[in-house]
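Enquirer:
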Amino acid sequence: MMLKIVIVSCCIAIALSQAVGKCPSVDGRYPVYLPDARSCSKFYECSNGTPYQLRCAYGTYFDSYTRICKHKRDVNCGSRRRD
1 MMLKIVIVSC CIAIALSQAV GKCPSVDGRY PVYLPDARSC SKFYECSNGT
51 PYQLRCAYGT YFDSYTRICK HKRDVNCGSR RRD
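The sequence shown finishes on residue 83 if you use full-length UniProt numbering, and the numbering steps up by one all the way, no holes.
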């Protein structure tokens, strides 16, 4: 039973992690931010190989080129959902 719980938990974690790219296993000098694959307002901050989902402030989207949240009109979301 415990093995089933562990397997299901791992599958859920993998499914929920939709970062574009992969977090480095060790933190560097500067933080690493990755865009969400589906949503333009979400992004991930990496910490020791683990992506933590964050959301841009209202009225802003995550710019995958500059790796910061910017005003909606200044960001090209591509195929990511504008929400």
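Beta carbons are placed, not taken as given, at the ideal position from N, Cα and C, and that holds for glycine.
Do the CB positions of K42 and Q53 come within less than 7 Å of each other?
Expert: yes
Enquirer: Identify, in the order they occur along the chain, each residue of the same chain with its Cβ nearer than 6 Å to the Cβ of C56, setting aside the five sequence neighbours on each side.
Expert: S41, F62 and C69
Enquirer: What does the Cβ neighbour count give for V20, buried or exposed, with the cut at 16 atoms within 10 Å?
Expert: exposed
Enquirer: How should V26 be labelled, buried or exposed, when 16 other C-beta atoms within 10 angstroms of its C-beta is the threshold for buried?
Expert: Result: exposed.
Enquirer: Cβ of P24 versus every heavy atom of the ligand ATP: is any distance shorter than 6 Å?
Expert: The model on display carries no ligand, and the ligand ATP is accordingly not part of it.
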